[in-house]
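Notes follow once the structure below has been shown.
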Amino acid sequence: MLEPSTALIHHPYVAPAGFAAPQPGVFKASTVFFDNVAAMRSAEWKDKTGYTYGLHGTPTTYQLEERLCALEGALQCLLVPSGLAAIAIVSMAMLKAGDQVLIPDNAYGPGKVLAQGELKAWGIDHAFYDPLDPQDLAARITERTRLVWLEAPGSVTLEFPDLLAMARICKERGVVSALDNTWGAGIAFRPFDLSPGSAQALGVDISVHALTKYPSGGGDVLMGSIMTRDPSLHMRLKLTHMRVGVAVGANDAEAILRGLPSIFLRYQAHDQATRVLASWCQSRPEFAQVLHPALEGSPGHAHWKALCTGAVGGAAGIFTVIVRSGFSQLQVDRFCDTLRLFRLGYSWGGPISLVVPYELATMRRAWPAHLSRGTVVRFSIGLEAVADLQLDLEHALAVAFG
Ligand SMILES: *Cc1c(COP(=O)(O)O)cnc(C)c1O
63 MLEPSTALIH
73 HPYVAPAGFA
83 APQPGVFKAS
93 TVFFDNVAAM
103 RSAEWKDKTG
113 YTYGLHGTPT
123 TYQLEERLCA
133 LEGALQCLLV
143 PSGLAAIAIV
153 SMAMLKAGDQ
163 VLIPDNAYGP
173 GKVLAQGELK
183 AWGIDHAFYD
193 PLDPQDLAAR
203 ITERTRLVWL
213 EAPGSVTLEF
223 PDLLAMARIC
233 KERGVVSALD
243 NTWGAGIAFR
253 PFDLSPGSAQ
263 ALGVDISVHA
273 LTKYPSGGGD
283 VLMGSIMTRD
293 PSLHMRLKLT
303 HMRVGVAVGA
313 NDAEAILRGL
323 PSIFLRYQAH
333 DQATRVLASW
343 CQSRPEFAQV
353 LHPALEGSPG
363 HAHWKALCTG
373 AVGGAAGIFT
383 VIVRSGFSQL
393 QVDRFCDTLR
403 LFRLGYSWGG
413 PISLVVPYEL
423 ATMRRAWPAH
433 LSRGTVVRFS
443 IGLEAVADLQ
453 LDLEHALAVA
463 FG
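If you read the sequence shown in this note's numbering, its first letter stands for residue 63, the second for the next number, and so on.
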């Protein structure tokens with residue numbers, strides 16, 4: 063007879079197999095058991111043939127990885143604790159001292175800061191290129207360039223680049239390309255097939271995705287993914303991922319799995335509402351410019367149109383306005399503070415609309431010629447009724463600028 067405490071810990075009951083329900087189960091583990099020493103010695107952590115340790119995968123994370131591959135047209139996927147961690151792991155895996163990385167000047171800010179901080183300290187050089195000029199990218203590639211970041215559209219200012227041309231330049235020059243695909247989310251376009259219908263698929267080598275945004279859909283989970291279609295590239299990333307020891311929690315993985323079935327519907331709802339409000343903002347005298355890739359005249363609109371108006375397509379749920387330079391920063395702050403449905407907060411992809419004022423002058427090498435002077439404000443459109451959001455904007459505009 064075992065003592066009660068031991069009997070509780072080593073309880074023999076095993077639930078019957080065959081349980082089936084809409085959502086996959088949540089498997090939580092650091093420790094994973096092996097039947098015998100031989101099984102322990104031969105266990106392989108590099109592929110999904112079994113289990114070795116929670117860090118290297120569980121049924122929950124495997125399922126999420128495979129579904130994300132389906133979403134983005136990838137073959138391999140790594141999960142990390144945030145979108146920024148995905149950018150960091152790719153950088154660590156692909157770059158060493160003496161190498162150079164190229165980053166679009168309108169890239170996600172913390173990714174630029176990573177290059178200026180840790181990467182620089184590790185002897186890795188970086189240069190920022192003009193996201194609207196593939197020739198500028200081509201001209202900056204040297205024999206030391208080992209990684210080119212792409213982002214479509216750029217963070218905050220939403221210029222849409224000629225992704226196909228840039229992916230082609232990277233292929234021709236033999237440099238690995240990594241796309242931040244958070245905005246497209248695997249829905250607006252296929253990152254690994256940027257020229258659908260052509261004989262040979264041309265796409266990026268690596269796609270990173272802040273699952274924090276649309277896959278989560280709740281504004282309550284941080285997670286990122288790193289996707290590839292090349293086993294050796296995947297293994298290089300996976301080795302870094304393993305050595306650095308980044309893993310995601312099972313409950314967080316489950317939250318993303320719960321968001322995925324509705325991602326197409328949510329993406330389309332965010333998209334439709336955003337186009338209505340962005341167009342309406344274009345008619346407002348307070349704004350010098352409205353930035354949204356689906357709007358005619360927005361920087362890179364033709365590239366968006368060429369890539370994102372296919373079978374599914376789309377334009378996500380964010381847009382940015384530049385408030386006329388005649389208005390003061392204080393008035394812009396008052397506008398943001400007066401909004402009631404739009405909450406002040408970072409990130410996007412959740413049900414609640416968000417607003418963030420940005421200081422563009424501190425974010426770019428120089429004020430881009432294609433952008434009007436003024437104060438930049440970015441909106442993330444949630445899932446509220448468009449009419450209510452428009453009334454909220456109208457009211458705040460009247461209070462702040464009226
Ligand atoms: C939010 C975001 C990230 C970072 O994701 P986190 O999970 O917040 O770290 C990276 N790239 C883009 C384009 C993003 O919008």
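Note that CB positions come from ideal geometry on N, CA and C, so glycine has one too. This structure is a prediction, so every number in the text was calculated from the model and none was measured.
Open item on the list: For Ile186, tell me which candidate among Glu213, Pro293, Met154 and Gly362 has the shortest Cα-Cα distance.
Closed with: Position 124 of the sequence shown, counted from the first residue, corresponds to residue 186. Checking every option, the nearest Cα to that of Ile186 belongs to Met154.
Task: Entirely enclosed alpha helix (DSSP H) segments - the segment 298-346, minimum 4 residues - done: Qualifying alpha helix (DSSP H) stretches, in chain order: 312-321 and 325-344.
Task: alpha helix (DSSP H) segment containing Ser287, residue limits - done: Position 225 of the sequence shown, counted from the first residue, corresponds to residue 287. It is not in any alpha helix (DSSP H) - Ser287 instead sits in the beta strand (DSSP E) that spans Gly286 to Thr290.
Open item on the list: Assuming Phe463 is part of the alpha helix (DSSP H), what are its boundary residues?
Closed with: Working through the sequence shown from its first residue, we reach residue 463 at position 401. Val448 to Phe463 is the extent of the alpha helix (DSSP H) around Phe463.
- [ ] Taking Ala136 and Arg291 to be in contact with their CB atoms under 8 Å, please state how far apart those CB atoms are, rounded to whole angstroms.
- [x] Mapped onto the sequence shown, residue 136 falls at position 74. Mapped onto the sequence shown, residue 291 falls at position 229. Correct: roughly 6 Å between the Cβ atoms.
- [ ] Please classify Trp366: does DSSP put it in a helix, a strand, or coil?
- [x] What you label residue 366 is simply residue 304 of the sequence shown in a count that begins at 1. It is helical.
- [ ] Along the alpha helix (DSSP H) that carries Gln138, what are the first and last residues, could you check?
- [x] Position 76 of the sequence shown, counted from the first residue, corresponds to residue 138. Careful: Gln138 lies outside any alpha helix (DSSP H), inside the beta strand (DSSP E) at Gln138 to Val142.
- [ ] Pair every Cβ in the segment 254-264 with every Cβ in the segment 115-122, then say whether three or more of these pairs are closer than 8 Å.
- [x] Verdict: no, contact absent.
Task: Under 8 Å between C-beta atoms of Ile268 and Val438 - done: Taking the sequence shown and counting its residues from 1, the one referred to as residue 268 is at position 206. Taking the sequence shown and counting its residues from 1, the one referred to as residue 438 is at position 376. Cβ distance not < 8 Å, so Ile268 and Val438 don't count as in contact.
- [ ] Please indicate yes or no: does the CB of Asp198 lie closer than 7 Å to some heavy atom of ligand 1?
- [x] The count along the sequence shown starts at 1 and reaches residue 198 at position 136. Asp198 has its Cβ no nearer than 7 Å to any heavy atom of ligand 1.
Task: Span separating the alpha-carbon of Leu301 from that of Ala132 - done: Against the sequence shown, residue 301 aligns to sequence position 239. Against the sequence shown, residue 132 aligns to sequence position 70. Rounded to the nearest angstrom, the two C-alpha atoms are 23 Å apart.
Task: Nearest to Ile203 (by Cα), restricted to the options Gly281, Arg405, Ala458 and Ile165 - done: Stepping through the sequence shown from its first residue, residue 203 is reached at position 141. When each option's Cα is compared against that of Ile203, the closest is Ile165.
TODO: State the CB to CB distance for the pair Leu220 and Phe381, rounded to an integer number of angstroms; the pair is presumed to be in contact (CB under 8 Å).
DONE: Within the sequence shown, numbered from 1, the residue matching residue 220 stands at position 158. Within the sequence shown, numbered from 1, the residue matching residue 381 stands at position 319. With a beta-carbon spacing of about 7 Å, Leu220 and Phe381 fall inside the 8 Å limit used to define contacts.
Open item on the list: Any heavy atom of ligand 1 closer than 7 Å to the beta-carbon of Ala272?
Closed with: Walking along the sequence shown from the start, residue 272 turns up at place 210. Indeed, a heavy atom of ligand 1 lies less than 7 Å from the Cβ.
Open item on the list: Could you check if Glu180 belongs to the surroundings of ligand 1, using beta carbon to heavy atom distance under 7 Å?
Closed with: Position 118 of the sequence shown, counted from the first residue, corresponds to residue 180. False, no ligand heavy atom lies under 7 Å from that Cβ.
TODO: Could you say which of Cys232, Asp97, Val461 and Gly179 lies nearest to Gln393 if we only look at CA atoms?
DONE: By 1-based counting over the sequence shown, the position of residue 393 is 331. The residue among Cys232, Asp97, Val461 and Gly179 with its C-alpha nearest the C-alpha of Gln393 is Val461.
Task: Close Cβ partners of Gly216 (< 7 Å) along its chain, the five nearest in sequence each way excluded - done: Your numbering for residue 216 matches position 154 in the sequence shown. Same-chain partners within the cutoff: Pro166, Asn168, Ala169 and Pro193.
Open item on the list: If you measure between the beta carbons of Val270 and Gly171, is that distance less than 8 Å?
Closed with: Numbered from 1 along the sequence shown, position 208 holds the residue referred to as residue 270. Numbered from 1 along the sequence shown, position 109 holds the residue referred to as residue 171. Taking a C-beta distance under 8 Å as the contact criterion, Val270 and Gly171 do not qualify as a contact pair.
Task: Residue from Thr336, Leu319, Pro84 and His457 with nearest C-alpha to Arg440 - done: In the sequence shown, the residue the question calls residue 440 occupies position 378. Of the listed residues, the one whose Cα sits closest to Arg440 is Thr336.
Task: Beta carbon shell of ligand 1 at less than 7 Å from a heavy atom - done: One residue list follows from the rule of a beta carbon closer than 7 Å to any heavy atom of ligand 1, given in chain order as Ser144, Gly145, Leu146, Ala147, Ile149, Tyr170, Pro172, Gly173, Glu213, Ser217, Asp242, Thr244, Trp245, Ala272, Thr274, Lys275, Leu284, Met285, Gly286, Ser409 and Trp410.
Task: Residue from Ala458, Ala105 and Ala214 with nearest C-alpha to Arg396 - done: The residue given as residue 396 occupies position 334 in the sequence shown. By alpha-carbon distance to Arg396, the top candidate from Ala458, Ala105 and Ala214 is Ala458.
Task: For Gly436 and Ala350, believed in contact at Cβ under 8 Å, the rounded distance - done: Here residue 350 refers to the residue found at position 288 of the sequence shown. Here residue 436 refers to the residue found at position 374 of the sequence shown. Indeed, because the Cβ distance is near 5 Å, the residues count as touching under 8 Å.
TODO: Return no unless some Cβ of chain B is closer than 8 Å to the Cβ of Pro172.
DONE: Here there is only one protein chain, and chain B is not present.
TODO: Look at the Cβ atom of Leu199, then the Cβ atom of Ile231, and state whether they are nearer than 8 Å.
DONE: On the sequence shown, position 137 is the one that residue 199 refers to. On the sequence shown, position 169 is the one that residue 231 refers to. Against a cut-off of 8 Å, the Cβ pair of Ile231 and Leu199 comes out as a contact.
Task: DSSP state of Thr122 mapped onto helix, strand, coil - done: Position 60 of the sequence shown, counting from 1, holds the residue named residue 122. The answer is helix: DSSP assigns Thr122 an H, G or I state.
TODO: Could you please give the first and the last residue of the uninterrupted alpha helix (DSSP H) stretch that includes Arg202?
DONE: Start at 1 with the first residue of the sequence shown, and residue 202 comes out as number 140. For Arg202, the enclosing alpha helix (DSSP H) stretches over residues Pro196 to Arg202.
Task: Ala155 - containing alpha helix (DSSP H), residue span - done: Stepping through the sequence shown from its first residue, residue 155 is reached at position 93. That run of the alpha helix (DSSP H) goes Gly145 to Met156.
TODO: Report the rounded CA-to-CA distance for Pro78 versus Phe89, giving the unit in angstroms.
DONE: Stepping through the sequence shown from its first residue, residue 78 is reached at position 16. Stepping through the sequence shown from its first residue, residue 89 is reached at position 27. Straight-line Cα distance between these residues: approximately 16 Å.
Open item on the list: Please list the terminal residues of the continuous alpha helix (DSSP H) segment that includes Gly173.
Closed with: Along the sequence shown, one-based indexing puts residue 173 at 111. For Gly173, the enclosing alpha helix (DSSP H) stretches over residues Gly171 to Leu176.
Task: Through-space distance from Thr68 to Gln162, alpha-carbon basis - done: Numbered from 1 along the sequence shown, position 100 holds the residue referred to as residue 162. Numbered from 1 along the sequence shown, position 6 holds the residue referred to as residue 68. Put simply, the backbone Cα of Gln162 is about 57 Å away from that of Thr68.
Open item on the list: On the CB-based measure, 16 or more other CB atoms within 10 Å of its CB, does Leu339 come out buried or exposed?
Closed with: Along the sequence shown, one-based indexing puts residue 339 at 277. The residue in question, Leu339, is buried, as its Cβ has 16 or more Cβ neighbours within 10 Å.
Task: C-alpha distance - Tyr329 paired with Ala159, whole-angstrom precision - done: Start at 1 with the first residue of the sequence shown, and residue 329 comes out as number 267. Start at 1 with the first residue of the sequence shown, and residue 159 comes out as number 97. C-alpha separation (whole angstroms): 40 Å.
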